[in-house]
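Student:
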Amino acid sequence: MRSYILVIAFAGAIACGTKKQETSQTTENTTIEKDISLTAEQLKNGGIETGLPEEAMMSASIKVNGVVDVPPQSMVSVSFPLGGYLKNSHLLPGMGVKKGEVIATLEDQSYVQLQQDYLVAKARMDYLSADLERQKELSSQDATSKKIYQQAGADFKTQQVLIKSLEEKLRIVGIDPDKLTVNNISRAINLRSPINGFVTKVNVNIGKYVNPADVLFELVDPDDIHAALTVFEKDIMMIKKGMKAAVSLADKPGKKYEVDVILVTRNVDENRGGLVHCHFENANHELLPGMFLNGSFELDSKKVMAVPESAVVRFEGKQYVFLAKDKSNFEMKEVETGIVQNGKIELKEDAAVNWKEQKIAVKNAYSLLGKLKNKADE
């Protein structure tokens with residue numbers, strides 16, 4: 001029995017040793033050397049060129065997206081305070097309208113009744129005014145009781161209130177009470193545009209009965225159109241009022257519009273983004289509420305050490321450059337990068353390297369990485 005246990009233990013030790021050896025081999029296979037030497041011919045055939053990092057003025061950019069928007073005060077829902085039938089309207093979505101322009105005509109017998117009530121009340125007012133003067137004179141001569149005089153005064157004031165309220169009702173529906181006479185009573189009333197703008201929605205058709213709560217049309221004043229841009233929370237504090245950005249419509253990326261920041265919200269939504277409201281400097285009729293926008297903010301420029309993007313290689317999630325030790329020997333060094341702009345990339349400061357004096361492979365650096373990988377596989 002004891003011999004059997006020893007055999008098993010020995011076999012286990014061999015298995016563990018084999019496993020460690022395989023693990024060691026696997027680790028070695030994923031690790032490559034950092035140094036490589038090339039002949040002059042290899043350098044020429046690989047198209048490898050060296051150079052010094054250069055100082056450059058670069059600015060970081062913040063990518064954003066959003067929509068064309070208008071503030072609530074520039075969006076108008078048009079309704080009518082009295083129910084009625086839509087007699088006619090020429091509006092279509094997208095059409096422009098001017099303030100005061102007739103955009104629809106409605107008709108109903110209640111309009112006639114309102115005009116009638118006003119004219120009748122006004123006519124009775126003349127009678128009550130004359131009666132009040134008569135009762136006042138009689139009262140002064142003690143020819144009538146004070147009660148009758150007081151009643152005449154109360155009737156006159158009541159009629160004044162009635163006429164004033166009817167006048168306001170007429171003005172609400174667009175009828176000028178000063179111009180209303182028995183000769184121009186009409187069953188139809190014109191509905192006029194309250195703003196200069198354009199139509200976004202038409203919710204009615206000819207012959208439809210509309211209630212006071214129904215929205216007939218929706219209009220937008222384009223003069224106050226703006227860009228509502230979403231900025232991630234990590235960037236929102238870098239955006240300030242007055243900053244400029246360039247935006248474009250999602251389906252027309254080549255046409256840029258400049259915008260100025262007018263308001264930065266100080267809260268973020270559930271998607272960890274905050275809204276930045278911007279004013280268009282050169283808005284035109286192409287920009288409609290709800291259209292999607294893409295854009296970017298350019299932050300203040302700063303002086304950095306930069307190299308061509310082709311000088312930086314990526315390997316196993318990290319970034320490297322190849323330091324030129326001399327004309328034929330290179331060392332792969334991990335680096336931290338920053339701003340990427342116009343084909344160049346920023347190299348962050350490194351205590352071990354003076355970028356102003358250290359030449360690196362600036363062209364075809366990936367061919368050096370490929371040779372290191374091939375060397376590791378041999």
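Residue numbers (full-length UniProt numbering): 1 to 378.
Backbone N, C-alpha and C fix where the C-beta goes; we use that ideal spot for every residue, glycine too.
The structure presented is a predicted model; accordingly, all values stated were derived computationally and were not measured.
Measure the beta-carbon distance from residue 103 to residue 248 and round it to whole angstroms, keeping in mind my assumption that it falls under 8 angstroms.
Tutor: About 33 angstroms; that fails the 8 angstroms criterion.
Student: Within its chain, find whatever has a CB closer than 8 angstroms to the CB of residue 84; leave out the 5 residues flanking it on each side and keep chain order.
Tutor: Closer than 8 angstroms at the Cβ level, and outside the excluded window around residue 84, lie 106, 107, 108, 110, 111, 189, 209 and 210.
Student: Leaving out five residues before and five after residue 334 in sequence, what residues of the same chain have Cβ atoms less than 8 angstroms from its Cβ?
Tutor: The answer, listed in chain order, is 318, 319 and 320.
Student: Mind the definition here: the segment 295-315 touches the segment 339-353 only if three or more C-beta pairs lie below 8 angstroms; say whether that holds.
Tutor: Yes, the segment 295-315 touches the segment 339-353.
Student: Contact check, residue 389 vs residue 231 under 8 angstroms by CB: the rounded distance?
Tutor: Lying outside 1 to 378, the shown extent of the chain, residue 389 is not represented and no answer is given.
Student: With a cut-off of 8 angstroms, do at least 3 Cβ pairs link the segment 36-53 to the segment 357-366?
Tutor: Contact between the segment 36-53 and the segment 357-366 is present, because at least three Cβ pairs lie under 8 angstroms.
Student: Enumerate in chain order the residues of its own chain whose CB-to-CB distance from residue 359 is below 6 angstroms, with the five nearest sequence positions on each side excluded.
Tutor: Excluding positions up to five away in sequence, the list reads 50, 52 and 324.
Student: According to DSSP, is residue 52 helix, strand or coil?
Tutor: Residue 52 falls in the coil class under three-state DSSP.
Student: Between which two residues does the beta strand (DSSP E) carrying residue 341 extend?
Tutor: That run of the beta strand (DSSP E) goes 337-341.
Student: Report yes or no: do three or more beta-carbon pairs, one from the segment 129-137 and one from the segment 235-246, lie closer than 8 angstroms?
Tutor: Verdict: no, contact absent.
Student: What is the DSSP secondary structure of residue 205, reduced to helix, strand or coil?
Tutor: It is coil, neither helix nor strand.
Student: Would you report the Cα separation of residue 207 and residue 86, rounded to the nearest angstrom?
Tutor: Going from the Cα of residue 207 to the Cα of residue 86 covers about 5 angstroms.
Student: According to the neighbour-count rule (16 or more other Cβ atoms, all chains shown, within 10 Å of its Cβ), is residue 292 buried or exposed?
Tutor: Under this definition residue 292 is an exposed residue.
Student: Compare the C-alpha of residue 372 against each of 158, 332, 343 and 297 and name the closest.
Tutor: Among 158, 332, 343 and 297, the Cα nearest to that of residue 372 belongs to 332.
Student: Taking C-alpha atoms, which residue in 161, 340 and 227 lies nearest to residue 261?
Tutor: Among 161, 340 and 227, the Cα nearest to that of residue 261 belongs to 227.
Student: Just the Cα atoms here: how many angstroms apart are residue 374 and residue 33?
Tutor: Their Cα atoms are separated by approximately 11 angstroms.
Student: For a test of the three-state rule: what should DSSP assign to residue 140, helix, strand or coil?
Tutor: Looking at residue 140 - three-state DSSP - the assignment turns out to be helix.
Student: Would you kindly work out how many angstroms separate the C-alpha atoms of residue 283 and residue 253, rounded to a whole number?
Tutor: Approximately 15 angstroms between the Cα atoms of the pair.
Student: Around the C-beta of residue 69, are 16 or more other C-beta atoms found within 10 angstroms, so that it is buried, or is it exposed?
Tutor: The residue is buried, with at least 16 neighbouring Cβ atoms inside 10 Å.
Student: Helix, strand or coil for residue 253? Go by DSSP, reduced to three states.
Tutor: Three-state result, residue 253: strand.
Student: Beta strand (DSSP E) containing residue 295: first to last residue?
Tutor: Taken as a continuous stretch (DSSP letters only), the beta strand (DSSP E) holding residue 295 covers 292-298.
Student: Beta-carbon within less than 8 angstroms of residue 263's beta-carbon, same chain only, minus the 5 sequence neighbours each way: which residues are those?
Tutor: Only 241, 276 and 277 meet the Cβ criterion.
Student: Select from 298, 38 and 216 the residue whose C-alpha is nearest the C-alpha of residue 92.
Tutor: With distances taken between Cα atoms, residue 92 lies closest to 216.
Student: Going by other Cβ atoms of all chains shown within 10 Å of its Cβ, with 16 needed for buried, is residue 311 buried or exposed?
Tutor: Its Cβ being crowded by 16 or more others within 10 Å, residue 311 is buried.
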